[in-house]
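K.L.:
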Amino acid sequence: MTGETILLPLLLGLLEGLTEFIPVSSTGHLLLAGHFLGFESAGKTFEVVIQLGAVLALLTLYFGQLWRVLRDAPHDPAARRFIAAVLIAFLPAAVIGVLAHDIIKTVLFETPALIAVMLVLGGIVLLFVDRMALRTRHEDAMRLPVRTALAIGFFQVLAMVPGVSRSGATIVGGLLMGVSKRAAAEFSFFLSMPTMAGAVAYDLFQNRAVLDWSALNEIAIGFAMAFVTAVIVVKWLLGYVSKHGYALFGWWRIAVGLAALAGLYLVG
8 MTGETILLPL LLGLLEGLTE FIPVSSTGHL LLAGHFLGFE SAGKTFEVVI
58 QLGAVLALLT LYFGQLWRVL RDAPHDPAAR RFIAAVLIAF LPAAVIGVLA
108 HDIIKTVLFE TPALIAVMLV LGGIVLLFVD RMALRTRHED AMRLPVRTAL
158 AIGFFQVLAM VPGVSRSGAT IVGGLLMGVS KRAAAEFSFF LSMPTMAGAV
208 AYDLFQNRAV LDWSALNEIA IGFAMAFVTA VIVVKWLLGY VSKHGYALFG
258 WWRIAVGLAA LAGLYLVG
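Positions in the sequence shown are counted from 1; adding 7 to them yields this note's numbering.
Here it is as structure tokens:
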């Protein structure tokens, strides 16, 4: 492998792990990076598969809690409510994602200007919501009412537009529904597991005829980098947002979006 074939997957894997679970849109960052760096894989194989590295990071960090929930579910109503809340929150995105898959992949994913604009608009929304004096009613991500979880699930549908951010949409939805800043981030983690796993599986199935597995070394490098980086980010994020909120990520989105728009204007 050449230095370039190692460096580019490392960079994109780092970008995926760094941005997947913070509200800045990992998909938007990856698509813009690919656009400006001239990187594209057939069927988006690379971009799709390395997301599993971030999912594996979550499963690794939360394995103990998830195992206890599954073990206790037959005799613990609270465990069953948590499972139901996550699955019900997952449904809106699952249904809309299947129905709108072709439009999302062939139109929205191929429009860098739209991604940049959504980064900026999402950053403004995140700053506004973060500063709102919202009454906190739910402090535990594993004890959200099912109705609250469903509302968050509908917010997640907004993330079908690249640049919106799946974690950003669910976190904003959680905050508006009275979920604390820490619990909103943590429920976003839990919801991302079925959402991302389902999206990756469906995407791979839909693109099975054009998938390019010839660059397995690049995929492995990006996957591993995404896993390691996501572990670090998840461990750091909950403590940070509990103390400082989400303003940093709002400004990050605005800066990246404006930089992307400037780059598109100058170099196309």
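We treat Cβ as the ideally placed atom computed from N, Cα and C, and that holds for glycine.
Looking only at its chain, what residues have a beta carbon closer than 6 Å to the beta carbon of V238, apart from the 5 residues adjacent to it on each side?
P.N.:
Against the sequence shown, residue 238 aligns to sequence position 231. So the list reads A64, once near-sequence residues are dropped.
K.L.:
Taking one C-beta from the region 225 to 241 and one from the region 71 to 87 each time, how about it: are there three or more such pairs within less than 8 Å?
P.N.:
No, because fewer than three Cβ pairs between the region 225 to 241 and the region 71 to 87 fall closer than 8 Å, the two stretches do not touch.
K.L.:
Can at least three beta-carbon pairs, one atom from the region 125 to 135 and one from the region 249 to 267, be found at a separation below 8 Å?
P.N.:
Yes: the two stretches touch, three or more of their Cβ pairs being nearer than 8 Å.
K.L.:
Under the three-state reduction of DSSP, which class applies to V186: helix, strand or coil?
P.N.:
Within the sequence shown, the letter at position 179 stands for residue 186. V186 falls in the strand class under three-state DSSP.
K.L.:
Compute the beta-carbon to beta-carbon distance between G20 and G60, rounded to the nearest angstrom, for a pair I have assumed lies under 8 Å.
P.N.:
Counting from 1 along the sequence shown, the entry for residue 20 is found at position 13. Counting from 1 along the sequence shown, the entry for residue 60 is found at position 53. With a Cβ gap of about 7 Å, G20 and G60 count as contacting.
K.L.:
I'd like to know whether the C-beta atoms of V93 and L183 end up nearer to each other than 9 Å.
P.N.:
Indexing the sequence shown from 1 puts residue 93 at position 86. Indexing the sequence shown from 1 puts residue 183 at position 176. For V93 and L183, no; Cβs fall outside 9 Å.
K.L.:
Under a three-way DSSP split, which group does H145 fall into?
P.N.:
The residue labelled residue 145 in the question sits at position 138 within the sequence shown. In the structure shown, H145 sits in a strand (DSSP, three-state: E or B).
K.L.:
Please name the residue in A254, E193, M139 whose C-alpha comes closest to that of L66.
P.N.:
Here residue 66 refers to the residue found at position 59 of the sequence shown. Among A254, E193, M139, the Cα nearest to that of L66 belongs to E193.
K.L.:
Going by C-alpha to C-alpha distance, which of T52, F28, E23, I29 sits closest to L39?
P.N.:
Along the sequence shown, read from residue 1 onward, the residue named residue 39 stands at position 32. Selected option, being the one with the closest Cα: E23.
K.L.:
Taking 8 Å as the limit between beta carbons, can you name the residues of its chain near V153, skipping five residues before and five after?
P.N.:
For the purposes of this step, residue 153 is taken as residue 146 along the sequence shown, with counting starting at 1. Result list for V153: R88, A91, A92, I95, in chain order.
K.L.:
Ignore the nearest five residues each way along the sequence and tell me which others in Q213's own chain have a CB closer than 7 Å to its CB.
P.N.:
Taking the first residue of the sequence shown as position 1, residue 213 is located at position 206. H108, listed in sequence order.
K.L.:
Could you tell me how far apart the beta carbons of A100 and Q163 are, in whole angstroms, since I believe they sit closer than 8 Å?
P.N.:
Along the sequence shown, read from residue 1 onward, the residue named residue 100 stands at position 93. Along the sequence shown, read from residue 1 onward, the residue named residue 163 stands at position 156. Right, their Cβ atoms sit about 5 Å apart.
K.L.:
Exposed or buried, which one is P81 when buried takes at least 16 other CB atoms within 10 Å?
P.N.:
Walking along the sequence shown from the start, residue 81 turns up at place 74. Burial call: exposed.
K.L.:
By Cβ distance below 6 Å, which residues in the same chain neighbour T34 in space, the five residues on each side in sequence not counted?
P.N.:
Mapped onto the sequence shown, residue 34 falls at position 27. These residues qualify, in order along the chain: P169.
K.L.:
What is the DSSP secondary structure of D137, reduced to helix, strand or coil?
P.N.:
On the sequence shown, position 130 is the one that residue 137 refers to. In the structure shown, D137 sits in a helix (DSSP, three-state: H, G or I).
K.L.:
Just reading off the alpha helix (DSSP H) that P99 is part of, what are its end residues?
P.N.:
For the purposes of this step, residue 99 is taken as the residue at position 92 of the sequence shown. Run containing P99: 84 to 106, per the alpha helix (DSSP H) assignment.
K.L.:
According to DSSP, simplified to helix, strand and coil, what is G246?
P.N.:
Within the sequence shown, numbered from 1, the residue matching residue 246 stands at position 239. It is helical.
K.L.:
Starting from the C-beta of V235, find all residues in its chain whose C-beta is less than 6 Å away, skip the five residues before and the five after it, and write them out in chain order.
P.N.:
The residue given as residue 235 occupies position 228 in the sequence shown. Result list for V235: empty, nothing under 6 Å.
K.L.:
Answer with buried or exposed for H251, where buried requires no fewer than 16 other C-beta atoms within 10 angstroms of its C-beta.
P.N.:
Here residue 251 refers to the residue found at position 244 of the sequence shown. It is exposed - the Cβ of H251 has fewer than 16 other Cβ atoms within 10 Å.
K.L.:
Compute the Euclidean distance between the alpha carbons of L276 and F53, then round it to the nearest angstrom.
P.N.:
The structure shown does not extend to residue 276, since the chain is modelled only from 8 through 275, so no value can be given for it.
K.L.:
Quick check: V240 and E27, are their CB atoms within less than 9 Å of each other?
P.N.:
Position 233 of the sequence shown, counted from the start, is the residue given in the question as residue 240. Position 20 of the sequence shown, counted from the start, is the residue given in the question as residue 27. Their beta carbons are under 9 Å apart, which means V240 touches E27 by this criterion.
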